[in-house]
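In the numbering used here, the protein residues as written are 57 to 397. Yeah, the Cβ is synthetic: ideal placement off N, Cα and C, and Gly gets one too. Computed from a prediction, not measured in an experiment: that's the story for all the values here.
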Amino acid sequence: MALWLVRAGAHGEFEQKFLNSGRIYLTWEGLENENLSQAKDWLGVKAIVKKTYPDRTERIAGNWAGQIWAFAVAMKLGDWAVLPLKLKPAIAVAEITSTYQYDPHGEPLFRHFRDVRWLGQDVPRSAFDQDLLYSFGSALTICQIQRNEAEKRVKALGTSGWKQPKPAPEDSGKLAEGRVDLEQLGRDQIAKLIAQQLKGHGLARLVEAILRAQGYTTYRSPEGPDKGVDILASPGPLGFGNPRICVQVKSGDAPVDTPTLNQLIGSMQNVQADQGLLVSWGGFKSSVDKEVPVQFFRVRLWDQAALIRELLATYDKLDEDLRAELPLKRIWSVALQEEED
Numbered sequence: 057m058a059l060w061l062v063r064a065g066a067h068g069e070f071e072q073k074f075l076n077s078g079r080i081y082l083t084w085e086g087l088e089n090e091n092l093s094q095a096k097d098w099l100g101v102k103a104i105v106k107k108t109y110p111d112r113t114e115r116i117a118g119n120w121a122g123q124i125w126a127f128a129v130a131m132k133l134g135d136w137a138v139l140p141l142k143l144k145p146a147i148a149v150a151e152i153t154s155t156y157q158y159d160p161h162g163e164p165l166f167r168h169f170r171d172v173r174w175l176g177q178d179v180p181r182s183a184f185d186q187d188l189l190y191s192f193g194s195a196l197t198i199c200q201i202q203r204n205e206a207e208k209r210v211k212a213l214g215t216s217g218w219k220q221p222k223p224a225p226e227d228s229g230k231l232a233e234g235r236v237d238l239e240q241l242g243r244d245q246i247a248k249l250i251a252q253q254l255k256g257h258g259l260a261r262l263v264e265a266i267l268r269a270q271g272y273t274t275y276r277s278p279e280g281p282d283k284g285v286d287i288l289a290s291p292g293p294l295g296f297g298n299p300r301i302c303v304q305v306k307s308g309d310a311p312v313d314t315p316t317l318n319q320l321i322g323s324m325q326n327v328q329a330d331q332g333l334l335v336s337w338g339g340f341k342s343s344v345d346k347e348v349p350v351q352f353f354r355v356r357l358w359d360q361a362a363l364i365r366e367l368l369a370t371y372d373k374l375d376e377d378l379r380a381e382l383p384l385k386r387i388w389s390v391a392l393q394e395e396e397d
């Protein structure tokens, strides 16, 4: 069994298409009218690439041909594929169940595909060791993941129900082959630091600190049963302004479902809040995502990625004690050039 990395758009714009259709797609612009089954090997794929993109350099043509060849030729039935999600802090994992397929009548970007069986659509990133996250952070759109027996370990992780793995191998600090998404890797490290320092009721303390930095006056419930209310917040020095916000914070690694959202809405009514904020470290199940447009003017959802974004945006305004617990430093790096992926 091989393990493959696939991506659903540079910004995750095709993720729901992948997940809902039970397929992975080769969304490569310009290849809409090319049936790749005509190519039997890498050289055949490269010939198609050079014909389709005659202005590309030899290096880029070879890079692209390698990724397209992986999708059209190298993937086999029974191989697994990982899809790091951009829209939530999770990774989808699938088993490939068909050979390469081409539908000339399909939507242009979705004519090249393979059928898959999704084994997990929202596995928390925290379930994977750091060396695997390094590999999943490759800047390539499609590639095979091999370092440190990755395929064997991911399969074992799936067999165990996506439970936390054992410590990573000794060389886990090494980066994966090729360029890596350093921004995502940095956020993975921040997430692990938060998990170590502030999980449990400490996560509510972090959310409260962010709200205070945004100009809200807050009340945080003491540890213990909170009846669906972890934090109350409203603007102004005394907290008498609007909107009045009721906040519920879930620090577990499992994504929350609609009963938690419904509990928050009920709590909003009980405390006469105008709006609600549901924070879930483990993200949200698709049933909650479907409620986003319905509750758009009443409730906001923060998953792990959103919480870290808000943390970074307000970090300089947090109190010194909290910054000491979460020591962060801003850095600059060269942006990845998508054209050469």
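Which listed residue (Lys306, Leu267, Glu205) has its alpha carbon closest to that of Leu288: The residue labelled residue 288 in the question sits at position 232 within the sequence shown. Selected option, being the one with the closest Cα: Leu267.
Val350 - containing alpha helix (DSSP H), residue span: Counting from 1 along the sequence shown, the entry for residue 350 is found at position 294. Counting along the chain, no alpha helix (DSSP H) covers Val350, and no H or E run does either.
Spatially closest choice to Arg63 from Ser389, Phe192, Thr155, by CA coordinates: On the sequence shown, residue 63 is found 7 positions in, with the first residue counted as 1. When only C-alpha atoms are compared, the closest one is Phe192.
Same chain, Cβ closer than 7 Å to Val172, neighbours up to 5 away in sequence not counted: Along the sequence shown, one-based indexing puts residue 172 at 116. So the list reads Gly78, Arg79, Ile80, Ala137, Ala150, Glu151, Ile152, Thr153, once near-sequence residues are dropped.
Residue interval of the beta strand (DSSP E) (run including Ile147): Along the sequence shown, read from residue 1 onward, the residue named residue 147 stands at position 91. Run containing Ile147: 146–152, per the beta strand (DSSP E) assignment.
Alpha carbon of Arg51 to alpha carbon of Lys142, nearest angstrom: No information on residue 51 is available, as it lies outside the stretch 57 to 397 that the chain covers here.
Uninterrupted alpha helix (DSSP H) stretches inside the region 76–117 (no shorter than 4 residues): Fully enclosed alpha helix (DSSP H) runs of 4 or longer: 98–108.
Run of the alpha helix (DSSP H) containing Leu382, from where it starts to where it stops: Residue numbering aside, residue 382 sits at position 326 when the sequence shown is read from its first letter. It is not in any alpha helix (DSSP H) - Leu382 carries neither H nor E in the DSSP assignment.
Beta-carbon contacts of Glu347 that lie in its chain and below 7 Å, excluding the five residues immediately before and after: Here residue 347 refers to the residue found at position 291 of the sequence shown. Counting only Cβ-Cβ distances below 7 Å, and skipping sequence neighbours, we find Thr314, Leu317.
Neighbourhood of Leu75 by C-beta distance below 7 Å, restricted to the same chain and skipping five residues each side: Sequence index remark: in the sequence shown, residue 75 carries index 19 (1-based). Counting only Cβ-Cβ distances below 7 Å, and skipping sequence neighbours, we find Ala148, Trp174, Gln177.
Arg356 in three-state terms, based on DSSP: As a working mapping, residue 356 is identified with position 300 in the sequence shown. Under the three-state reduction of DSSP, Arg356 is assigned to strand.
Cα-Cα separation between Ala195 and Asp237, rounded to whole angstroms: Reading the sequence shown from its first residue, position 139 is the one you call residue 195. Reading the sequence shown from its first residue, position 181 is the one you call residue 237. One C-alpha to the other measures close to 6 Å.
Between the CA atoms of Ala329 and Met57 - distance to the nearest angstrom: By one-based count along the sequence shown, residue 57 stands at place 1. By one-based count along the sequence shown, residue 329 stands at place 273. Separation of Met57 and Ala329 (C-alpha to C-alpha, rounded to the nearest whole angstrom) is 53 Å.
Helix, strand or coil at Val129 [DSSP, three-state]: Working through the sequence shown from its first residue, we reach residue 129 at position 73. Val129: helix per DSSP, three-state reduction.
4-residue-minimum alpha helix (DSSP H) runs that sit fully inside the region 268–333, ordered along the chain: Runs of the alpha helix (DSSP H) inside the region 268–333: 314–326.
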